[in-house]
Every structure is written in C-alpha cells, then in structure tokens.
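Student: Provided herewith is a single structure, encoded as structure tokens, for subsequent inquiry.
In my numbering, the protein residues as written are 725 to 1699.
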C-alpha cells in the first residue's frame, strides 16, 4: 500500500488535513466531472422538452416527458428508463395540427400505465388515452363524443388504486360538462353525476377520488342552476348523495377547499350555508349525513378563508384561517374534524399583523402546525410552530436582518416531522438563503452554500428526500443569474452541485427528486442555449448483492461508479470490494441494514472518502486494508474488522461504536486498526476485540459501554478512558501494552498468566484478575484522592512513578492507597504531595501500599527510613515494613526526630551519634535536632538520664562537645 497511511507514518493529523483539503478541491470540480445522464432522445431542429408534465413514475423506474422531439412544434409524449435508455414514444400517430397536451398527463399510481389527453384522432377534438408506461397498445378511454364535445384536462385522474380513470367532458350534450368513470385499461364508461338541472354543470374544481378509491367527490349546480353544491358518489357508479346542508338564499358551496379526509371517512367544505356572504366550514360523513359546522362564532363581517384549509394527516383535526375574533385580522384555528371546540393556535399578533394564508400546514405526524405571520413586528414575516392541539407558538427562524423576511414559498416540514425548511433573507437583506431548524424550535442551520454576489436560492423545487436526510435546492450560487441544482444533508454539510457544466446562456429550469429518493431529474439547456433537455443524476445507490467491484457499474442498482453526490448503501447479501490505491469520494456511506450480511472490503490500500460520514449498520461488515476518510458510526450489530497484515485506517473527527471493532492478526503478521479521531464505545453493545494487533486511537478512546474490551497480545496507542461501567480484559497468557495514558474508572481484568503494561499514566481504579500489571509511566490512584486495587501482581518499573496525594488519615478517601492482592515489586520513583492545603502533623502514618503477597525492592533513591521531604515544617519518611510487615508506610515527624517517636529528645541525639540521622554524623542534622529540642534547661541541669540510666547532654553542651571533637580530630590529622 502506498496511500497516505504509509507515507505519513507518525503524522496522522497533518495527513488527515492534507487529505481533507484534497477532497475539498476535488469536490470543487467533481460536479463538472460527474456525468448526469441525458434521458431524452435526439431533438429535431427547433425541438425542446417542455417543463409541464415532466415526472417520475411513482416507482421511480421511468420518466415521462413531453417534447417536439420528432417534429418541430408537435408535442408528443415519451417514456424512458429513469437511468437512461431508449426513449419510447407513447402516443399514437397525430393528425395534422394534432398535439398531446401537458395538462392531465400522468402515470397511474402503480406506475403501469400513462394517461394523456390529445387531439389524436381528430384535430381540435380532445380525447383521453391510456397506454402502458413502457409502450404498447393505446386505448381510448372516453366514450363517443357528441359533436363539438371534448374531454377536459381539469379533474382528470387515476383512482389511487390505479383501477379506474375519472374524467370530465361534454360527452353527451355539447357544453354540458359531466363526469365519467372508466377502467384504466379501457372498458365501459359510466356517468357518475346525477341528472343536471337545465344549464347545470359539474365544476372543474374539487373533483377527486377518496383516498381509498371508493367514492368520488364533485361540485355541481345539479339541483339549482348557478347554485353549487357538493356531492359524493360511489366510484363504480350509483346514487349521488348531496353532502351539504340547506343553503341560505343565494348561498353556495365554494369551489375551493372541498376535500376528503385522508382516511376517506369525512368531507370538508366551505360555504355561506347559514348566512349569505359569510363563508364557514362544515364537515360531513363522506357517504352522506349531518353536516357539522366546525368554525367558532365569527365576528361581524368575519369569514373563514379557503386558503390553508386542510385535514390533519391522521384525519383527526381541521386547520383553518379566519378573521374569527377581529375583522380583517386573519388567525389560525384547529378543531376536531367531527366538530368541537376550535382552538386558536397563533400567538398574539402585533398591531396590523396577520397570519399569512401561504405555507400553512400540519406536520406529517399531525402533532404540530407551521405558520407564517408578522406576529412580532408588523410587515416582518416570520415562521412559527405550535402544537396542533394548542399551546405555545415557537418562532423558528433566526434573527432577521433589517428588511428581512421569511418567504412562504418552499416552507415545509420534513417527511419525518422533525425539521422545518425555510427560505429567508435572514443574514443579508434581499439575499434569499436556505435554512433548516428543528420543528419544535432550536438553532437554525444554513444549508445553502456561499452565494456569489447577486446570487439567491430560488423557491421553486425546494424538496426533502423521502427519508428526510437530504434537501435539493436551486440557486445561482456559483454564477449570478445562472441557476444550478445542489444537494445537501438536511442536518447541514457540504452542498454538492448536481447538474453538468452549462453552456453559455444555459440554466437549470426545473428539477425533481424521484419518489424513492435515488435520482434527481432536471430540465436544462445544458448543451445548447435555449434547447431544453432532461438529465438525471444518481444520488443514491444500493449494492446489487453477490461479489462486486466498487468501480464496476454492475455492482450497483443504478449502474455507474459511485461519486460525491451519492449516498452509497452496501446493504445486499454479498461483498463489494474497493481495490487499489485510488481515492474514491461519495456523499455518505452505509454498510449493512439489510436482511442479510453485507460487506464492504478494502484491499491493496484502497481509499474511500465519505463527505458526510459512514455508518456500519446491523449486519454490515467493513473490513480490509485501506483508508476510510469519514466520521464513523458503528451501530449495534455492525462490525469493523482488520485481519493479518491488514492496516485499516479511519480518518475523521469521531468514531462512535455500538457494534464490534475487531483486529485479529498473528504474531508474525499483526492486524492494525487506526482511528485518527476521538473514539467512543457507546451503550451496552460497543465492543473491541483484538489479538496480535495494534490499535491506534489518536483522538483517544472513551469506553462507555458495559460490554468488555478484550485484548490479547495487543499494543494500544492513544489515551484510554474506561467509564465506571466499563471493563477492559487482558487475556490469552500474553502481554498487552498501553503506550499512552489510561484513566480507569471501571475495571481492568488481567487474567492469570497475562500481563498489562502501562507505558503512559494509569489513574483511577485498579484491576481484577490474578495477572500482572507493569507500570512504566505514572501511576495515580483515583482521579483525585482514591484507592487503586490490583487483583494480581504489581511491578513499578524503573521508569515508573507512583503519585500519591495526602489529604487526611482515611485510606482511599483522604489519601491515596494501592491495595495489591499479589506481589509488589518496586523500582520506580515516588512523588508525594499534600492535597488542597492539608497539613502534616508529627506521628501521622499513611499506609500507601497494602501488599497481600511479598514486597520486593524500594522506590528509586529511597531505602528503608528515607526522608521524602519536609512539608510545612514536618518531615515525611518512608518505610517498607509497615502494616503487617511488608506494607509501604509514610511517617510524618518533626525535624530532629531521628527515632521517629513523635518528639525530639535526647534519644534522637543517640541515634545521630550512631549515624542514624538522615545524613549520618552531620552538623546540619545536629543543628536540626538542637533547634527542635524544646526550651534549653538550666546549666545545673544540663545533663539528664535516658530511660536506661545513660547520661545524655543537653543541646548546648552537645554543641560544645561536638565542636571539641571536631577540633581534636583536626589536630590529630594535622599531626
């Protein structure tokens, strides 16, 4: 392998920075280098694809488009595979002057058929046709038309179950519009509406299937001319039931706002049913029944607006806008869909303030409502979120610059209801940028990239991916007045351009995300100015399963090599292998998560950069020899693995492990896993297992899991923090070495026959098991004052240093102590300090090592009885014969207390006289004894006896005697 791992050696941080810079530079040109796929066929001179009617099939497999592809100014429809291929013309041969219309053009919900309207048989006679979406026999659906009769595009639709088609036509009587139902593959046509009064018509507005396909809702002046009422009829035909109650004189049901509830059980309508000219809302069972007024009492001249009128997605409530309390002050209300008390949702409005009718919506989970209002400051529109049952309204947008506003266009909840997307000139007036914010309130994050001078994010086409993870937007971000499309994680990150290079004058005109979130379709004059064509960019790939090569299109469901725009999912049974020292960049990487085991393998130094992180899900294995540049999340059930001679390097700022990190090598060919970012072992499932391995944690390892870390003949480089619930096991009759600092708040279990070597510091708690601990660095019991216990042997090597703090007389809580169940061997140094102002007193003892087995050696330079130092006027000595005879004890004494009995008296002189003071027969030690010996006695009592009758001189006399002895000794040597 010749990648950055080998070249950089001991400079991982510099290497990581260089790599990320290189990746960023590559991204700058990657959108240009990537190859969006052109979908339309060759266009005739003057031909273009038109924006209207452009769409994915609901299953995302095909794209439908309208173009004068074959003959200039003759629009026809074509279907093409959504990832490219032959574009198939769907419509039949057109008569001179004939065209296919964009209005009403649609796939069936099951994607099998296409519905279109065309004057295909007779010029200027519009009729309805159905054709298989991949091409095939074309079937005319409408019945025979009366002279001058036509099928209209408004209201034209498939049933949600795809079985039938609803259309409106003056099929029976010219200029009398009625509705008909027909099987989607052709068959008998049934008129649905009831008998119309003279001059009566079915309205083009409000025509719809119920979501369960069982009924059709329509609006018509069926009973009384020019009086619109709402009717429900079985979708297979039958009796049409009037739903609205009796109308006030001159009253009408409004064409706007009529709708089925999502569960098909009720119908909502707006009407001046009670008082002419006063619009109110009513709810009624969809099969007919009593209509219930939903809004509260209205102030004089108050009305309910049709704007924003909607059921909640769970059908339980209705949201409406009305100047219910104060005339001309629009506010929002939520009410049970079957009737009940209406709750005002918005907060108190500023004088002159209103709730905007645009952007009003329930969250997909029905729990919250989003609205736009100049609630705080008149004419400054901001967005607010409020519980749908009422509560405190929370402002979502960040602080607005002077003149700034939130735009109602593009305002939306994420599909999972957790976030809100909005467009605002929040930072710079008249510069619209894209933001996202938690739906219940929090910090708003800007999603759009840095805009060129004059640039803006446009409101058209703002869209979440179906899984809420990504956002698509259009902006003249790179070049003023040149619109391009970008994709960005919804949590924030690097925005990647999706369109190809645009020719002079080129622009992206529109775009859309496929229903499955894997493709982005866009219309642009990318190649030739003013010649609009359609292109698709793959933004998500899934592995096909089996054995596949990363760089081969056959490995992926959409074909083509993964690139920086794509989320990559290795989630099928099998292995995808990336091989060779080549850098590969993707947008986001996922391994596992499918129903069977999935593996991504690196070999021969392969390198993958994932701009927005990598996740190893349950059932996923990421293994091999190479480099992953990404923040890494290993979920429960996920595995990252290196084998013999493999070096797996993860470069990123963080590694979060709730799965398994496994490195298994041999004594000859060890395995290596190298995490350059901060690593955390999470939850109850995060495990690390290593045998004959090298594990590198450049950013440290925090072991927060109750699952054990298990090491056998392994080297661990990087700081390790073991939490209170954590266990680190050293097994296999082998030696495992920690080269950097270890903070142990939990358990280190060293099995019998195994050895743990700590070359850095070891602090916190101790270990269990009967194995050996070798200290080559600093050993610090507790995190401040504490007790460290060892179940086996402790060896403090010559490079080791024991740090002891004294803060009182209780072992483990007021002074540091080591408790050793096995043998202790001492060769390192001892460093003692007082904790937080603690003062030593003569006679105090501190058993700092409680050794159950044998004690061998001593601290460097500190033989038995050595003076450690003077602390505030009190000497501290060390003894290796304390406790039960083989424990290490520290003794606090006064200077001059050479016999360590707590006082300075004549007996200490006798110790000095025999050379037993710290410095032998030394005048300095003698001076200390003299200074501490109490008050000098009278001359007559300058001699006293010790406890066995010996005469001991007082300090003054001792000085004279000592000086005499020194002089005599000098003279004898001179002679």
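Note that CB positions come from ideal geometry on N, CA and C, so glycine has one too.
Between the stretch 1134 to 1149 and the stretch 1186 to 1198, do at least 3 Cβ pairs fall closer than 8 angstroms?
Tutor: yes
Student: Quick one: give me the first and last residue of the alpha helix (DSSP H) that residue 773 is part of.
Tutor: Where residue 773 is concerned, there is no enclosing alpha helix (DSSP H), given that its DSSP letter is neither H nor E.
Student: Pick helix, strand or coil for residue 754, following the three-state DSSP scheme.
Tutor: For residue 754, the predicted model reports a pLDDT of 29, less than 50, meaning its position is unreliable; a value from the coordinates is still stated below. In the structure shown, residue 754 sits in a helix (DSSP, three-state: H, G or I).
Student: Under a three-way DSSP split, which group does residue 1637 fall into?
Tutor: helix
Student: Do residue 864 and residue 908 come within 9 angstroms of each other at the CB atom, strictly closer than that value?
Tutor: no
Student: Which first and last residues belong to the alpha helix (DSSP H) in which residue 1649 is found?
Tutor: Judged by DSSP secondary structure, residue 1649 falls within the alpha helix (DSSP H) whose first and last residues are 1647 to 1656.
Student: Hey, would you say residue 1070 sits closer than 9 angstroms to residue 1031, going by beta carbons?
Tutor: Contact flag unset, no.
Student: Who are residue 791's beta bridge partners in DSSP?
Tutor: 773, 800.
Student: Once you ignore the five residues that flank residue 1165 on each side, which residues in its own chain have a CB closer than 8 angstroms to its CB?
Tutor: 1109, 1118, 1119, 1120
Student: If you follow the beta strand (DSSP E) that residue 1350 is part of, which residue opens it and which one closes it?
Tutor: 1344 to 1353
Student: List, from N- to C-terminal side, the beta strand (DSSP E) runs of 3 residues or more that fit wholly inside the stretch 870 to 904.
Tutor: 875 to 882, 888 to 897
Student: Less than 9 angstroms between the beta carbons of residue 1316 and residue 1351, yes or no?
Tutor: no
Student: Per DSSP, what are the beta-bridge partners of residue 1488 in this structure?
Tutor: 1468, 1506
Student: Look at residue 1207 and residue 1199 and say whether their C-beta atoms are less than 9 angstroms apart.
Tutor: yes
Student: When every heavy atom of the ligand SAM is checked, does at least one fall within less than 8 angstroms of the C-beta of residue 1392?
Tutor: This structure simply doesn't include the ligand SAM, nor any ligand for that matter.
Student: Over the uninterrupted beta strand (DSSP E) stretch that includes residue 1416, give me the two end residues.
Tutor: 1411 to 1421
Student: Go through its chain and collect everything with a Cβ distance to residue 1408's Cβ below 8 angstroms, but skip five positions before and after it.
Tutor: 1429, 1430, 1431
Student: Under a Cβ-count criterion, where at least 16 other Cβ atoms within 10 Å of its own Cβ denotes burial, should residue 1704 be classed as buried or exposed?
Tutor: Beyond the ends of the chain as shown, which are 725 and 1699, falls residue 1704; an answer cannot be given.
Student: In whole angstroms, what separates the C-alpha of residue 916 from that of residue 803?
Tutor: 32 angstroms
Student: Have a look at residue 860 and residue 1051 and give me their C-alpha separation to the nearest angstrom.
Tutor: Each residue's CA atom was taken as its position, placing residue 860 and residue 1051 some 58 angstroms apart.
Student: Consult DSSP for residue 1479 and reduce its assignment to one of helix, strand or coil.
Tutor: strand
Student: Go ahead and pull the three-state DSSP assignment for residue 1671.
Tutor: In this prediction, residue 1671 scores a pLDDT of 40, lower than 50, which makes its location untrustworthy; no coordinate-derived value is stated.
Student: Only counting the same chain, and skipping five residues up and downstream in sequence, which positions put a Cβ closer than 6 angstroms to that of residue 1135?
Tutor: 1083, 1146
Student: Going by the DSSP bridge assignment, what does residue 1631 pair with across the sheet?
Tutor: Answer is none; residue 1631 lacks a bridge partner.
Student: Under 8 angstroms Cβ to Cβ from residue 937, same chain only, skipping five residues before and after it: list those, please.
Tutor: 883, 884, 885, 887, 888, 959
Student: With distances taken from CA atoms, which of 850, 1221, 1542, 1560 is nearest residue 759?
Tutor: 1221
Student: When the Cα of residue 1267 is compared with those of 856, 1458, 1283, which residue comes out closest?
Tutor: 1283
Student: Going by the beta-carbon positions, is the gap between residue 1497 and residue 1465 smaller than 9 angstroms?
Tutor: no
Student: Where does residue 1277 sit, in a helix, a strand or coil, going by DSSP?
Tutor: helix
Student: In the DSSP assignment, what residue or residues form a beta bridge with residue 925?
Tutor: DSSP lists no partner for residue 925.
Student: Three-state secondary structure (DSSP) at residue 1529?
Tutor: strand
Student: Where do the N-terminal and C-terminal ends of the beta strand (DSSP E) with residue 1600 fall, by residue?
Tutor: That run of the beta strand (DSSP E) goes 1598 to 1606.
Student: In terms of alpha-carbon separation, which member of 941, 1048, 1033 lies closest to residue 1041?
Tutor: When 941, 1048, 1033 are compared, the shortest CA-CA separation from residue 1041 is found for 1033.
Student: Do residue 822 and residue 797 count as a contact pair if the criterion is CB distance below 9 angstroms?
Tutor: No, the Cβ-Cβ distance between residue 797 and residue 822 is not below 9 angstroms.
Student: Write down every uninterrupted run of the beta strand (DSSP E) in the stretch 1210 to 1275 whose length is 3 residues or greater and which is fully enclosed by it, in chain order.
Tutor: You should have 1232 to 1237, 1243 to 1248, 1257 to 1262, 1264 to 1266, 1270 to 1273.
Student: Using the three-state DSSP reduction, which class does residue 953 fall into: helix, strand or coil?
Tutor: strand
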